[in-house]
Every structure is written in C-alpha cells, then in structure tokens.
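In order, the protein sequence lines correspond to chains A and B. Residue 10 is where the first sequence starts when you use the numbering used here, and the numbers rise one by one after that. Residue 91 is where the second sequence starts when you use the numbering used here, and the numbers rise one by one after that. Here a beta-carbon is modelled for each residue, glycine too, at the ideal position from N, C-alpha and C.
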Amino acid sequence: MRQLLNTLYISTDEAYLRLEGETLVMSVDKVKRHQVPLHHLGAIVCLGRVGMSPQLMARCMSDGRSIVWLDENGRFQARVEGPVNGNILLRQAQFRAADQVDKALMLSKCFIAGKLRNSRNVLMRSARDNPNEVEREQLAKAAKALAINLRNLEHAESAASVLGLEGDAGRVYFEQMNTMIKPAMRNTFEYKGRSRRPPKDNVNALISFLYALILNDCRSALETVGLDPQLGFFHEVRPGRPSLALDLMEEFRAVLGDRLALTLINRGQLQHGDFDYREGGAVYLNDKGRQTVVRTYQERKKETLQHPVLETEVEIGLLPLLQARMLARYLRGDVETYIPFFNK
Amino acid sequence: MSDLYLIMLSALQHYSYCPRQCALIHQEQIFEDNVFTIRGHLAHERVDSGESGVEYGLRVERALPLFSERYGLVGKADVVEFLADGTPYPIEYKQGKRQQKLHDEVQLIAQALCLEEMTGKTIAEGAIFHHKSRRRRVVALTPALRAHTEQLIIAVRQLLLSAQIPPPTTERALCENCSLVEACQPDLIASASVIKRLRSQLFSVEDEA
Ligand code: SF4
C-alpha cells in the first residue's frame with residue numbers, strides 16, 4: 010500500500026521557503042529556522058503569509074508534490090499547478106454525470122450515507138464512553154434516529170429529500186455535541202449551535218478549522234486524480250465553491266474532524282487560552298491552538314483503519330485520495346458503483 | 091500532415107505489457123514512479139543526454155526524435171547507430187531481463203518503421219541491449235514481426251480512440267511489477283462482489299447502540 014507522505018504545514022507568518030539541494034529550507038527574516046529533506050514530503054500547506062521561491066515550486070511540481078496556500082483559518086487561497094494535470098476524459102465524464110439527475114442523486118445518496126454512518130459511529134462511541142446512564146440513552150436515541158434517516162435515504166427520490174434527510178440528521182447529531190463533551194470540559198467548551206461565518210464559540214472555532222483542513226485534503230485528492238473540485242453532485246455549484254470537495258468531505262467530517270475535535274477537548278489538549286475572542290462574538294483558534302490542532306491532525310492521519318472495499322488497513326490520511334480515485338473509477342465506467350468510506 | 095491520431099511509441103510497449111496500463115498512462119495520464127521506473131530512469135540518464143558523436147567508428151545518435159506520418163507515431167529512440175552507408179541501426183536499451191512476450195521487439199520494430207520513413211533506407215536489423223547482462227541481442231526485422239507491430243499500432247489507436255479503460259489483466263504476475271498498481275487497483279476492480287455486497291448494505295446498519 011502506498012505510503013502516506015508527510016504534509017508540511019507552515020504557519021509562521023513571514024516565513025520564506027526555498028530549495029537547497031535536496032532539502033527545503035524555511036527562514037524568517039533571512040535566518041534559517043528549519044531544514045527538511047524533500048523526499049518524505051507529499052504536500053506543502055502554507056497557512057497565512059508564507060512565501061516561496063520559484064525554484065522550490067518548480068521542483069515540487071516536477072515531483073508531483075502539491076502546494077497550497079490557506080489563510081489562517083484554513084480557507085483556500087491559492088494552489089500551484091504543474092504542466093500535466095488531470096485527464097480531460099475524466100472531467101468530461103464528471104460533467105456529464107452531474108447533468109444526469111439519477112446519477113447525481115445516486116452519488117449524493119452515497120456521500121450522505123457515508124456521512125450518516127460515520128456520524129452515527131461517533132455517537133455510539135461517545136455513548137460507550139459515557140458513564141451517565143441518562144446521557145448514554147440520549148446518545149443511543151440519536152444514533153437510532155440517524156439509522157432511520159439512513160434507511161429513508163435509500164428511498165429518497167429527489168435532491169431535495171436527500172438534503173432534507175441530511176439536514177435533519179445533522180440537527181439530531183449536533184444536538185448531542187455538548188453531551189459528547191466531558192462534564193469537566195463543558196464550561197470552556199459549550200456548543201451553542203452551528204455557526205460558521207464567523208464561529209461564535211470554541212467548539213465551532215475548532216470544528217470549522219478542522220473542516221477546513223479536511224476540505225483542503227479532499228480538494229487536493231480530487232485534483233490529484235484529475236477531477237474538478239468545483240463541480241459537485243450533492244452540493245450546488247456556486248462560483249468559488251469547491252462543491253465536489255464538499256461532497257467528498259461528507260464521508261470524512263466525523264472520522265477526521267468531529268472525533269478529533271472531541272478528543273482534543275476531552276483530553277484537555279486545548280484550553281480557553283488557545284482561542285482568540287474578538288469584539289462582537291467571533292471566536293478563532295489562535296497561533297498556539299492552531300499548532301496543537303495541526304499536530305494532532307497529522308498524527309491522526311497516520312493511524313490506520315480497515316477500508317471496507319479494499320479490505321485492508323489503510324492510513325486515515327490516504328482515505329480522501331483512495332475515495333477520490335474510486336470516484337474517478339466509477340465515473341469512467343470502471344466499477345459499477347461508488348462506495349463511500351465508512352467505519353465498520 | 092497526416093491526420094492520424096498520433097500515438098507515442100511507448101504506448102505500444104505499454105499496450106503489449108497490459109492494455110489497461112496503456113489506457114491508464116495515455117488516457118488517464120497516470121504515471122507513478124516506483125523503484126522499477128526510477129531504476130529505469132537512471133539507466134536512461136546517459137541515453138537521454140542527447141549526446142551524439144562517433145563511437146567505434148560509427149555515428150551514434152542518442153535520444154533521437156522519431157516520427158512516422160504513415161503510422162502516426164512519435165517518440166524517441168534510445169540509441170541509433172548509423173552504418174557506413176547511412177542505414178540506421180536502432181538499439182533499444184532495457185534495464186530488466188528479457189521479457190517473455192514481444193514487448194521489446196515491438197518497440198524496436200516500431201522505431202525501425204519510423205527510421206525507415208525518416209531516412210528512406212530499408213532496415214534489416216536492430217538490437218536490444220540488456221543493461222543487466224550488458225548483452226546485445228540482434229533482432230531481425232522479419233515480415234512477421236513487422237506485421238505484428240502494424241497490427242499492434244492499429245489496436246492501440248483503436249483503444250485510445252475509444253476512450254475506454256480495459257479491465258485489469260488476468261495475468262496477475264504482471265501487476266506485481268507494474269508501476270501503476272496503486273492507481274490501477276486491479277483488486278478493487280476484481281472485487282465486484284465486495285462492492286455489490288457493500289452497496290446492498292449501504293443504507294442499513296445493525297441497530298445496536
Ligand atoms: S496493475 Fe495490472 S492490470 Fe493494472 S495496469 Fe498494471 S499490469 Fe495492468
């Protein structure tokens with residue numbers, strides 16, 4: 010199985026990256042701070058104001074190493090692209106499929122089935138870990154509700170009903186967010202309902218940042234296999250919106266994002282001081298908090314899980330790429346259907 | 091200019107190794123390095139240098155651009171020696187052992203077809219140079235080999251024009267040495283029954299909590 014290469018996250022403001030022999034050198038104010046060999050790097054993600062030499066970019070492109078820039082909160086800004094990229098036949102197939110209502114519906118159901126199954130797993134796992142009987146039952150009840158929505162999803166006949174089932178499941182799931190947080194942590198981490206732009210509490214700030222990292226990994230995975238991240242099946246197409254990356258991400262929110270957020274909170278790895286509280290109510294992770302999250306995210310990606318289709322252990326970080334590839338295979342008529350990733 | 095759909099000389103070799111490999115590389119544009127291809131690159135470094143000159147009294151061209159309008163081929167020859175009368179003598183460099191099928195031969199014959207068209211000379215033979223054993227094996231351009239190569243060119247063109255991806259090879263031993271095995275996922279394609287079963291269970295979960 011292909012090795013998961015490291016992703017280098019650079020979040021130091023005003024850092025400059027350049028090529029030196031077979032290594033990447035990071036300096037700030039012309040002072041060398043880090044030097045890493047290139048051959049273990051699969052991708053470079055720059056968070057915030059980070060510069061890079063054209064020589065390093067060219068080298069990464071010829072090696073097939075991706076480079077992206079995200080802003081401090083993980084939102085996509087730019088990406089460097091090499092000369093050979095993607096496959097026009099695949100994109101054609103993707104565009105044609107998006108225009109076929111039944112195909113698009115089938116794929117939407119698959120992405121959301123993955124999401125519901127994995128979200129349900131998070132609930133059940135939290136239920137197992139929760140010593141409080143009342144809360145345990147509450148979590149189990151929510152898991153049951155998700156199972157019902159999953160079953161109804163199979164028979165959904167329109168995009169609107171898929172959206173309805175997904176929205177309903179999301180509400181049920183997020184209602185349990187506070188129950189999944191350990192009582193001792195509930196003072197610092199109180200989830201007050203989903204808020205995105207901007208996040209208005211610590212929990213939202215944390216999951217928004219994690220989702221941004223996952224979205225970026227999905228986007229890169231799609232670009233790597235040659236799919237167009239902007240044309241999705243479930244998420245509506247809007248200029249500037251990576252709707253296929255958002256589609257693919259549905260399978261990974263719970264596995265890569267929510268579970269990790271709960272771990273970071275419940276193990277006390279993040280505290281009040283890891284966030285910035287802005288005038289008027291917006292909350293973001295600060296520098297220190299982001300570092301902790303990025304480090305834990307990287308560690309999580311190295312853990313392995315059993316892949317339901319491939320029936321082998323795979324690194325979690327490879328999942329977006331494997332799924333993107335399977336999606337490409339399906340779109341090119343190589344396999345009969347698309348199977349989302351789900352935890353057994 | 092002919093309006094034949096141009097194919098790369100290397101596509102012939104890929105096709106004769108495994109048609110799916112040919113489609114993955116030339117249509118899906120997938121190329122993944124592994125030890126085998128990296129070793130191949132190293133073996134080719136000298137060859138790719140594009141140096142030419144006179145060696146042992148023969149004119150030698152390395153990395154010579156090749157083309158044939160008649161067959162719609164483009165590519166490069168590792169090494170072409172030119173005999174005293176100007177007749178080209180193509181030499182195909184191989185890092186591995188001799189292949190069972192005619193992959194290497196086909197590659198050589200296709201190069202010869204290009205060279206014949208480019209120079210107007212008739213080529214009677216060429217050679218395959220095995221890096222490991224450092225041996226040259228002479229290959230005669232027999233009518234049978236020519237016909238085989240011409241048929242292969244037609245088959246490759248048909249495949250690439252069809253924009254279809256053929257199924258994985260049934261000779262699974264080939265997959266073990268294939269640089270595309272990660273991207274190709276022959277096991278995934280072969281696991282149609284797993285996919286079918288998962289598909290039928292996708293929307294239901296055992297209700298334990
Ligand atoms: S992995 Fe096997 S089936 Fe796939 S391209 Fe290579 S040889 Fe062909």
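**Prompt:** When Cβ atoms are compared, which residues of the segment 92–115 of chain B fall closer than 7 Å to chain A?
**Reply:** none
- Task: Please check if any C-beta of chain B sits within less than 8 Å of the C-beta of Asn-139/A.
- Result: no
field: Contact check, Leu-203/B vs Tyr-107/B, beta carbons under 8 Å
entry: Going by C-beta atoms, Leu-203/B is not nearer than 8 Å to Tyr-107/B.
Exercise. Does the pairing of the segment 124–138 of chain A with the segment 177–189 of chain A give three or more beta-carbon distances under 8 Å?
Worked result: yes
What does the Cβ neighbour count give for Thr-239/B, buried or exposed, with the cut at 16 atoms within 10 Å? buried
Q. Under 8 Å between C-beta atoms, does Leu-278/B make it to chain A?
A. yes
**OP:** Kindly indicate which residue of Gly-241/A, Gln-300/A, Ile-274/A and Asp-38/A has the alpha-carbon position closest to the one of Ala-333/A.
**Re:** Considering only alpha carbons, the answer is Gly-241/A.
**Asked** Are Cys-227/A and Ala-270/A close, meaning C-beta to C-beta below 8 Å?
**Response** no
- Item | Under 8 Å by beta carbon: chain A residues contacting Phe-219/B | The contacting residues do not exist; Phe-219/B stays about 28 Å from chain A at best.
Item checked: According to DSSP, residues forming a beta bridge with Glu-322/A -> Gln-315/A
Q. Should Val-45/A and Leu-17/A be called a contact, given that it needs their Cβ atoms to be closer than 8 Å?
A. yes
message = So, for Phe-126/B: in the same chain, excluding its five sequence neighbours on each side, which residues have a beta-carbon less than 7 Å away from its beta-carbon?
response = Legend: pLDDT at Phe-126/B = 39, less than 50; position of this residue unreliable, no value from coordinates given.
Note to self: I'd like to confirm something about Gln-254/B: is its beta-carbon nearer than 7 Å to some heavy atom of the ligand SF4, or not?
What the structure shows: no
Near Ala-149/A, what residues of its chain come up, given a Cβ to Cβ distance below 7 Å and the 5 sequence neighbours on each side ignored? Ala-136
(Q) Looking only at its chain, what residues have a beta carbon closer than 6 Å to the beta carbon of Ile-243/B, apart from the 5 residues adjacent to it on each side? (A) So the qualifying residues of the chain are Tyr-161.
Which of the three DSSP states, helix, strand or coil, is assigned to Lys-314/B?
Chain B is shown from 91 up to 299; residue 314/B falls before or after that span and cannot be answered.
Q | Contact set for Arg-247/B: own chain, Cβ-Cβ below 8 Å, skip 5 residues either direction | A | Leu-94, Tyr-95, Ile-97 and Gly-162
| By a C-beta neighbour count over all protein chains shown, 10 Å radius and 16 as the cutoff for buried, is Pro-329/A buried or exposed? | The residue is buried, with at least 16 neighbouring Cβ atoms inside 10 Å.
Q) Counting only runs that start and end within the segment 172–247 of chain B, where is the beta strand (DSSP E) found for 3 or more residues in a row? A) Within the segment 172–247 of chain B, the complete beta strand (DSSP E) runs of at least 3 residues are 178–184, 215–220 and 225–230.
| chain B within 8 Å of Gly-235/A, Cβ atoms only | Chain B contact via Cβ: present.
**Prompt:** Using a Cβ-Cβ distance under 8 Å, would Glu-135/B count as near chain A?
**Reply:** Low confidence applies here, because Glu-135/B scores a pLDDT of 49, under 50, leaving its location unreliable; read the following figure in that light. Not closer than 8 Å to any Cβ of chain A, the Cβ of Glu-135/B fails to qualify, so no.
| query | Between Thr-346/A and chain C, is there a C-beta pair that is closer than 8 Å? | reply | You won't find chain C in this structure, because its protein chains are A and B.
**Prompt:** Listing by chain order, which chain B residues have their CB less than 7 Å from the CB of Arg-299/A?
**Reply:** Near Arg-299/A there are no residues of chain B at all, since even the closest Cβ is about 32 Å away, more than 7 Å.
Check whether the Cβ of Arg-110/B lies closer than 7 Å to any heavy atom of the ligand SF4, and answer yes or no. yes
| request: Can you give me the Cβ contacts of Ile-19/A inside the same chain, cut-off strictly under 8 Å, excluding the 5 residues immediately before and after it? | output: Leu-26, Met-35, Ile-53, Val-54, Cys-55, Leu-56 and Val-59
Checklist entry - Who are the near neighbours of Lys-209/A in its chain, counting only those whose CB is closer than 8 Å to its CB and skipping five residues on each side? => result Lys-201, Gly-290, Ala-291 and Val-292
Quick one: what does DSSP say Glu-266/B is sitting in, helix, strand or coil?
helix
Flag Ser-281/B as yes if its beta-carbon sits less than 8 Å from any beta-carbon of chain A, otherwise no.
At least one chain A Cβ lies under 8 Å of Ser-281/B.
Same chain only: Cβ atoms within 8 Å of Thr-346/A, ignoring 5 sequence neighbours per side: So the list reads Met-115, Cys-119 and Tyr-339, once near-sequence residues are dropped.
Any idea what DSSP makes of His-43/A, helix, strand or coil?
-> In this structure, His-43/A counts as strand in the three-state DSSP scheme.
| message | Using the Cβ count rule (16 or more neighbours within 10 Å means buried), how would you classify Arg-205/A? | response | exposed
Problem set entry | Completely contained alpha helix (DSSP H) runs for the segment 222–257 of chain A, where each covers 4 or more residues | Listed in chain order, nothing qualifies, since the segment 222–257 of chain A has no complete alpha helix (DSSP H) run of 4 or more residues.
- Can Thr-321/A be considered in contact with the ligand SF4, in the sense that its beta carbon sits closer than 7 Å to one or more heavy atoms? no
- Are the C-beta of Ile-255/B and some C-beta of chain A separated by less than 8 Å? yes
Quiz item: Exposed or buried, Asn-213/A, counting other C-beta atoms within 10 Å across all chains shown (16 or more means buried)?
Solution: buried
- Is the number of C-beta pairs between the segment 229–247 of chain A and the segment 95–112 of chain A that are closer than 8 Å three or more? yes
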